[in-house]
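Below: the structure, in structure tokens.
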Amino acid sequence: MLTATDASIRFFIFCVIELNKYDDIIFGMKLYNTQSRALENFEPQAQTVRLYVCGVTPYDTTHLGHAATYCAFDVLIRFLEYKGAQVRYCQNVTDIDDDTIREAAKRGTTWKELGNFWTAHFMRDMIALNVRPPDYYPRATDTIAEIIEFDKTLIEKGFAYESGGSVYFHVDAYKNFGQLSHIPRADMLAVANERGNFPDDPKKRDPLDFVLWQAQAQGEPAWASPWGPGRPGWHIECSAMNYKTFGPTIDIHGGGADLVFPHHECEIAQTVNFTGEDYFARIWMHTAMVGYEGEKMSKSLGNLVMVSQLLPKYTPDAIRLYLAKHHYRVPWEFTYDDLDASVVQCTHLTQAAQAPGGDGRPMDYSYAQEKFENALDNDLDAPTAVGVLCELAGAIIEHADARLDVGAAQVWFRRAASILGLRLDAFGPEAHVRAGWEQHLNRFPVTGA
Ligand SMILES: [Zn+2]
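For the sequence shown, this note's numbering assigns the number 452 to the last residue and increments by one with no breaks.
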């Protein structure tokens, strides 16, 4: 016999299930997943999002391409938080790799001094641009023990082999290699060779095999390992820092589009074969490359536009608005004319935030709120969101001129602008942004250049 208590318990359980379903539906964000090559519904699990974004290799930071990547993820984080999710954000520093060792030698300094100098430089640019600091900011060299654990396990499981004091991942041992980048096997080697692979390394079984532990070369820094002194390979650093910070799986893994292959492809191969899980990141997000003067902005071409060059002439808001006007997945080209146009738009936005309204009826801004949220829900369409904000700015100014009450509209307008990282009439970055980065800065004492 069903008692009143049973019935009410059943009704309560039914409500909880229905409410949870509804919760899932109302989060409503879609993100493009590089791995599935499709827009996917993104629902935070337990309202917490574990986000890892590959950080800088500290020797040529911070050009506008770097800024575009970290500002895009900043908008993502701010929007997720606006929607009620909690974000745990990890960004790493690749402080030891071929590039930092080579550059340090070229500049007559050590990899550590070089790394601290440019990491601090990068952090100051991020503070200036009002980019929310990561909660975790590990250095590859703080993670050597975990990297060695990874390598040992991958050897034990038959995915890696030791050869002449180095350890390599054997690509042929993992049949799903290529699942992220979708590059045909025959084309992989050419792409890998452009991005740090040494196909002629005689210690490798296959030219596509990638290094997990690199035996010490003459004059190079080294750490002790079961295979002798050496240093970690680039890809294993991110797998190990991710695992140390978040455990076997994460929600979103991000980085520039040039990291899809081989870096992120190799990360998946290492991590899933170490953890035994069937996936590593639920969503892989990649930011498009920024061009300048007809070429991809890159150190080798010498066409870098540095954030520190722009900051004396442009406000952080003008740079943030300019970046937000480009969809994170669409390649674009930097021009000073376009940046100048953003300066004018920023003035307009600030005027709207400050326009003194009257005591007439309150202005309705709900249509703008809905359009703004829909835009960011749709694979973080910041350019559309910027358009909505600019339109709303015009409407606020008109309504204020007509002596209507624009107070509530301005409160939401400022909130929406802050999702794009804009400060409007406030001076300098948000206090928590400065404080968070400065905490990380303490671990990178600058002793030389
Ligand atoms: Zn990485």
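We put the CB at the ideal spot given by N, CA and C, even for glycine.
It should be emphasised that the depicted structure is a prediction, and the values quoted were computed from it without experimental measurement.
If I measure Cβ to Cβ from Y177 and keep anything under 7 Å in the same chain, skipping five residues before and after, which residues do I get? F162, A272, N276
Which residue marks the beginning of the beta strand (DSSP E) containing T51, and which one marks its end? 51 to 56
Identity of the residues DSSP links to L34 by a beta bridge: E43
Under a Cβ-count criterion, where at least 16 other Cβ atoms within 10 Å of its own Cβ denotes burial, should T97 be classed as buried or exposed? buried
Helix, strand or coil for T146? Go by DSSP, reduced to three states. coil
For S301, three-class secondary structure by DSSP: coil
Residue from P137, L444, W287, G250 with nearest C-alpha to D261: W287
If we count the other Cβ atoms within 10 Å of its Cβ and call it buried at 16 or more, is E270 buried or exposed? buried
So what does Y171 bridge to, in DSSP terms? Y164, V214
Near E106, which residues of its chain fall below 7 Å by C-beta distance, leaving aside the five closest residues on each side in sequence? Y62, L117
Nearest-angstrom Cα separation, counted from F30 out to Q413: 25 Å
Spatially closest choice to R332 from N44, P386, M129, T156, by CA coordinates: P386
Suppose the cutoff is 6 Å on Cβ atoms and the five residues either side in sequence are ignored; what does the same chain contact list for F249 look like? R53
Does ligand 1 have a heavy atom nearer than 7 Å to the CB of G199? no
Quick one: using the 10 Å Cβ neighbour count with 16 as the cut-off for buried, is V134 buried or exposed? buried
Do A131 and P319 have their C-beta atoms within less than 8 Å of each other? yes
Can you determine whether any heavy atom of ligand 1 sits closer than 7 Å to the C-beta of C241, and answer yes or no? yes
Going by C-alpha distance, which of I151, E298, Q221, K247 is nearest A227? I151
Where the alpha helix (DSSP H) through A70 begins and ends: 67 to 85
What distance in whole Å lies between the Cβ atoms of S184 and V263, which are believed to be in contact at a cut-off of 8 Å? 5 Å
Span of the alpha helix (DSSP H), counted from its first residue to its last, around W335: It is not in any alpha helix (DSSP H) - W335 instead sits in the beta strand (DSSP E) that spans 335 to 337.
For Y140 versus H443, is the C-beta distance shorter than 8 Å? yes
For A434, which three-state DSSP category applies? helix
Which two residues bound the contiguous alpha helix (DSSP H) that contains P319? 319 to 327
Return the residue from the list L383, V194, T353 that minimises the CA-CA distance to K328. L383
Please tell me whether E46 and K33 are closer than 8 Å, where the distance is taken between their beta carbons. no
Contact defined as beta carbons within less than 8 Å: I believe V409 pairs with A358. What is the distance between those atoms, to the nearest angstrom? 6 Å
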